[in-house]
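Okay, structure first, notes after.
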Amino acid sequence: TNKLTRRLKILQKDLARKYQPNKKQYEQSNNYKKNKLAIQKINLKIANLRKDRSHFISAQVARKYDHVVIEDLKLKNMTRSAKGTIEAPGKNVKAKSGLNRTILNANLGQVSQFLAYKLSYSGKILEKVPPMNTSITCGNPKCPDPVNKKNRKGDLFKCVSCGYNKDADFNAAGNIKRKSSS
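As structure tokens, then:
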């Protein structure tokens with residue numbers, strides 16, 4: 174998809190150059206229309222590739238496991254813009270837009286949707302747990318203060334209370350598993 178994304182950027186730049194603001198859409202040049210059609214084709218290809226990848230991942234998981242536990246993520250909240258307002262402008266807007274693009278490219282919502290119907294079709298279970306504090310909670314059951322924002326630094330999880338060390342994703346997966354009903 175990186176190759177298609179680069180091609181899409183180039184075509185969109187070309188389209189912007191060909192656009193004539195004083196004309197209506199149907200009055201634009203033939204080259205403008207051809208360019209617009211090429212953009213639509215690439216967007217369709219990208220969408221189909223994402224859908225195919227979502228089907229592939231969900232089918233693999235559905236075949237392999239009888240009970241799947243995932244976080245019930247609010248993607249709309251996760252991908253909200255950091256632009257802010259005129260009075261209170263946002264911080265790290267460019268970095269946040271890059272993160273949003275990555276989250277949306279991962280197609281988590283579609284994977285979860287496909288997983289739900291594939292698991293229910295085969296009589297298996299999909300359980301969604303609330304995502305609150307799963308990435309900052311210490312996985313050590315004897316920890317005196319398990320929830321602390323300072324525990325997570327990038328890809329590494331290090332508890333400030335008890336010194337428990339683990340890969341952040343593995344620690345969060347353990348917390349999700351503990352939150353599940355099984």
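Numbering-wise, the sequence shown is residues 174 to 355 according to my numbering. Every residue, glycine too, gets a C-beta built ideally from N, C-alpha and C.
- Pairing Arg253 with Gln185, the inter-Cα distance amounts to about 24 Å.
- For Lys322, there is no enclosing alpha helix (DSSP H), as DSSP marks it with neither H nor E.
- Note on Asn324: 16 or more other CB atoms within 10 angstroms of its CB, so buried under the neighbour-count rule.
- Taking a 10 Å sphere around the C-beta of Pro319, we find 16 or more other C-beta atoms and assign the residue as buried.
- For Val241, no alpha helix (DSSP H) segment is defined; the enclosing uninterrupted segment is the beta strand (DSSP E) at His240 to Glu244.
- When DSSP states are grouped into helix, strand and coil, Asn306 belongs to the coil group.
- Annotation note: the region 262-318 contains the following uninterrupted beta strand (DSSP E) runs of length 3 or greater, listed N- to C-terminal: 298-302.
- Beta-bridge partners of Phe330 (DSSP): Arg325 and Lys339.
- By the C-beta criterion, the region 210-221 is judged not to be in contact with the region 267-274, since fewer than 3 inter-stretch pairs fall below 8 Å.
- Here Thr258 is exposed, its C-beta having fewer than 16 other C-beta atoms within 10 Å.
- Annotation: Ser202 is outside any alpha helix (DSSP H) and is labelled neither H nor E by DSSP.
- Here the region 308-319 makes no contact with the region 278-286; the two share fewer than three CB pairs at distances below 8 Å.
- Distances from the CA of Lys315 to each of Cys335, Pro262, Thr174 and Ala345 were compared; the closest alpha carbon is that of Cys335.
- Of the other Cβ atoms in all chains shown, fewer than 16 fall within 10 Å of the Cβ of Ala220; this residue is therefore exposed.
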